[in-house]
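First up is the structure itself, then whatever we jot down about it.
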Amino acid sequence: MQHRRGSRLPKILFLLVLLAAGYLGWTILAPRQPDRSALPDRGAVTETGAQERGTMPAPDKGAAVKKETSPDQEGTGWKDQAGNFLFRARDAAENAGRLARRSTDATGKLAGAAKENGSSLLFSVSSLWHAREIIAARQSDPDWVPYQQIPPQTRQALLAIEDHGFYEHGPFDVTGMFRAALVNLTAGEILQGGSTLTQQMVKNVFLSSEQTMARKFQEAALSMYVEHYYSKNEILELYFNTTYFGNGYYGLRAAAKGYLGKEPGQLNLPESAMLAALPNAPSQLNPFENPLGCGRRAVLVLKEMKRYRYIGTIDMDNAMEQGVTLRNGRRLVLQ
-19 MQHRRGSRLP KILFLLVLLA AGYLGWTILA PRQPDRSALP DRGAVTETGA QERGTMPAPD
41 KGAAVKKETS PDQEGTGWKD QAGNFLFRAR DAAENAGRLA RRSTDATGKL AGAAKENGSS
101 LLFSVSSLWH AREIIAARQS DPDWVPYQQI PPQTRQALLA IEDHGFYEHG PFDVTGMFRA
161 ALVNLTAGEI LQGGSTLTQQ MVKNVFLSSE QTMARKFQEA ALSMYVEHYY SKNEILELYF
221 NTTYFGNGYY GLRAAAKGYL GKEPGQLNLP ESAMLAALPN APSQLNPFEN PLGCGRRAVL
281 VLKEMKRYRY IGTIDMDNAM EQGVTLRNGR RLVLQ
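Everything in the sequence shown is counted per this note's numbering, starting at -19 for the first residue and increasing by one.
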């Protein structure tokens, strides 16, 4: 029933345009009344009935005055009316044209959305079907860092700031989403994200950065698939090796070498906190370009690690005092 109702819109628009065109044509092409100023007897102009009977009214002074003034006034009034009709017809035609263009634009957008959703659905099914192949191809990268080679404090730093309940919840964390929204609203800035590490990893491996409803469905389906076929440790390993750490560095090994000149297994606590700070806003928190902002985020990571009892107060204080020395020799102050 909705389809039938929607299909009437082009007919209605066509009818409106047709009516406007007909009105405009009638206004322009309809035969006009003869110009009474050209008639041989002006006196008959104001006495239509007398003209039809072939009789003339008795002349008087008032009629003489009327004969001299009324034709010009009436002619002027008729021209004004004709002009108004033309303007109204033109406006009606323009409005009908605008309405038709809007309808065409809306139809085009709907068609594009339908096409996008259809292709997105096919893409989602294809991704599910070949998910293991896609992940296996990523794991064959020579710079891939296995889970066992990622230092515990590096894993803990990421969990503390991004998804501390990673090992307790499934692919989605509804409670975490509301908690993150409350924390960000209270702080007036983005401190926590609502997506789980699984969802973030799925975005890194399978999806683009566009924000559409179809993409959300893809993310949900792929997250459930990954959680079903891969362990939490494997998902965490996938995250570290596929996430973007800024400055053109994808994966933990590239970030550790690029920023610190170290292998991932050599990372200490403050360095781990700095790297864990980057996925939140990798371009804005680039330590080479924004050492102050990156240092503040790293301190937040250390505080979250203490909050969730990955480290103690002494460990946090020592890490903040130690700071981070970047590959370019600049020291990142954590305070």
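No residue lacks a Cβ here, since even glycine has one placed at the ideal position from N, Cα and C.
1) Specify, as a first and last residue, the run of the alpha helix (DSSP H) that A319 falls within.
2) Confirm, please, whether the CB-CB distance from G245 to Q129 is below 8 angstroms.
3) Evaluate P250 with the Cβ neighbour count: other Cβ atoms within 10 Å of its Cβ, from every protein chain shown; 16 or more gives buried, anything less gives exposed.
4) Thinking C-beta only, is G231 closer than 8 angstroms to N221?
5) How close, in whole Å, do the beta carbons of M181 and Y127 come, if the pair is a contact with beta carbons under 8 angstroms?
6) Do the region 146 to 156 and the region 115 to 127 touch if we need at least three Cβ pairs shorter than 8 angstroms?
7) At a cut of 8 angstroms, does the region 272 to 282 reach the region 291 to 310 through at least three beta carbon pairs?
8) Taking Y239 as the reference, which of P132, K183 and V304 has the closest Cα?
9) Exposed or buried, what is Q264 when buried is set at 16 or more other beta-carbons lying within 10 Å of its beta-carbon?
10) Taking all protein chains shown into account, decide if F158 is buried (16 or more other Cβ within 10 angstroms of its Cβ) or exposed.
11) For L177 versus I215, is the C-beta spacing smaller than 8 angstroms?
12) In terms of residues, what are the limits of the alpha helix (DSSP H) holding V279?
13) Residues in the same chain with beta-carbon distance under 8 angstroms from E217, minus the five sequence neighbours each way, listed in chain order, please.
14) Going by C-alpha to C-alpha distance, which of G241, L306 and K283 sits closest to L138?
15) So the candidates are H144, L165 and L306; which of them puts its Cα closest to the Cα of K242?
16) Using the beta-carbon count (16 or more within 10 Å), is Y209 buried or exposed?
17) On the DSSP letters alone, give me the boundaries of the alpha helix (DSSP H) that E142 sits inside.
18) Sort out for me which residues DSSP pairs R195 with in a bridge.
19) Find out if the Cβ-Cβ distance for the pair L312, P267 is shorter than 8 angstroms.
20) Once the 5 residues before and after G34 are set aside, which same chain residues still bring their CB inside 8 angstroms of it?
21) Use the C-beta contact count for D85: other C-beta atoms within 10 angstroms, 16 or more gives buried, fewer gives exposed.
22) Closest to D153 by C-alpha separation, out of Q198, R112, S203 and D121, would be which residue?
23) In the DSSP assignment, what are the bridge partners of V304?
24) Taking 8 angstroms as the cut-off, decide whether the C-beta atoms of R310 and P271 are in contact.
25) Going by CA-CA distance only, name the one from R112, A167, T155 and S252 that's closest to Y290.
26) Pop quiz: M300 and C274 are said to be a contact at Cβ under 8 angstroms. What is the actual Cβ separation, rounded to whole angstroms?
27) Which residues does DSSP pair with Y209 in a beta bridge?
Walking through what the data contain:
1) Here the chain covers residues -19 to 315 and nothing more, so residue 319 does not appear.
2) Here residue 129 refers to the residue found at position 149 of the sequence shown. Here residue 245 refers to the residue found at position 265 of the sequence shown. One thing to note: Q129 has its Cβ within 8 angstroms of the Cβ of G245.
3) Indexing the sequence shown from 1 puts residue 250 at position 270. Around the beta carbon of P250, a 10 Å sphere encloses 16 or more other beta carbons of the protein chains shown; the residue is thus reported as buried.
4) If you number the sequence shown from 1, residue 221 lands on position 241. If you number the sequence shown from 1, residue 231 lands on position 251. With contacts defined as CB atoms closer than 8 angstroms, N221 and G231 qualify as a contacting pair.
5) The residue given as residue 181 occupies position 201 in the sequence shown. The residue given as residue 127 occupies position 147 in the sequence shown. Your pair M181 and Y127 does not check out as a contact, with CB atoms roughly 13 angstroms apart and the cut at 8 angstroms.
6) Cβ pair count under 8 angstroms is below three, so no.
7) Of all C-beta pairs linking the region 272 to 282 to the region 291 to 310, three or more are shorter than 8 angstroms, placing the two stretches in contact.
8) Looking up residue 239 in the sequence shown gives position 259. Distances from the alpha-carbon of Y239 to those of P132, K183 and V304 put V304 closest.
9) Working through the sequence shown from its first residue, we reach residue 264 at position 284. An exposed status is given to Q264, since fewer than 16 other beta-carbon atoms sit within 10 Å of its beta-carbon.
10) The sequence position of residue 158 within the sequence shown is 178, counting from 1. So F158 ends up on the exposed side.
11) Locating residue 177 in the sequence shown gives position 197, where the first residue counts as 1. Locating residue 215 in the sequence shown gives position 235, where the first residue counts as 1. Judged by their CB atoms, L177 and I215 are nearer to each other than the 8 angstroms cut-off.
12) Within the sequence shown, residue 279 is the residue found at index 299, counting from 1. Judged by DSSP secondary structure, V279 falls within the alpha helix (DSSP H) whose first and last residues are P271 to R287.
13) Residue numbering aside, residue 217 sits at position 237 when the sequence shown is read from its first letter. Closer than 8 angstroms at Cβ, skipping near neighbours: V125, P126, Y127 and I130.
14) On the sequence shown, residue 138 is found 158 positions in, with the first residue counted as 1. Each of G241, L306 and K283 was checked against the Cα of L138, and the nearest Cα belongs to K283.
15) What you label residue 242 is simply residue 262 of the sequence shown in a count that begins at 1. Ranking H144, L165 and L306 by CA distance to the CA of K242 puts L306 first.
16) Translated into the one-based positions of the sequence shown, residue 209 becomes position 229. Exposed, since its Cβ has fewer than 16 Cβ neighbours within 10 Å.
17) Within the sequence shown, the letter at position 162 stands for residue 142. E142 -> alpha helix (DSSP H) spans P132 to E142.
18) Here the question's residue 195 lines up with position 215 in the sequence shown. The partner list for R195 (beta bridge, DSSP) is empty, contrary to what the question assumes.
19) Stepping through the sequence shown from its first residue, residue 312 is reached at position 332. Stepping through the sequence shown from its first residue, residue 267 is reached at position 287. In this structure, L312 sits near P267, with a CB-CB distance shorter than 8 angstroms.
20) The count along the sequence shown starts at 1 and reaches residue 34 at position 54. Here G34 scores only 43 on pLDDT, less than 50, and its place in the model is too uncertain to base an answer on.
21) Locating residue 85 in the sequence shown gives position 105, where the first residue counts as 1. Bear in mind that a pLDDT of 47 at D85, under 50, signals an unreliable position, so the number given afterwards is only what the model happens to contain. By the 10 Å Cβ count, D85 comes out exposed.
22) As a working note, residue 153 is residue 173 in the sequence shown. Shortest Cα-Cα distance from D153 to any of Q198, R112, S203 and D121 involves S203.
23) Looking up residue 304 in the sequence shown gives position 324. BP columns for V304 point to L312.
24) Counted from its first residue, the sequence shown places residue 310 at position 330. Counted from its first residue, the sequence shown places residue 271 at position 291. R310 places its beta carbon less than 8 angstroms from that of P271.
25) Stepping through the sequence shown from its first residue, residue 290 is reached at position 310. The shortest C-alpha separation from Y290 is found at S252.
26) Translated into the one-based positions of the sequence shown, residue 300 becomes position 320. Translated into the one-based positions of the sequence shown, residue 274 becomes position 294. Taking 8 angstroms as the upper bound for CB-CB distance, M300 and C274 are not in contact here, some 14 angstroms apart.
27) Here residue 209 corresponds to residue number 229 of the sequence shown, with the count starting at 1. Looking at the DSSP assignment, Y209 forms no beta bridge with any residue, so it has no partner.
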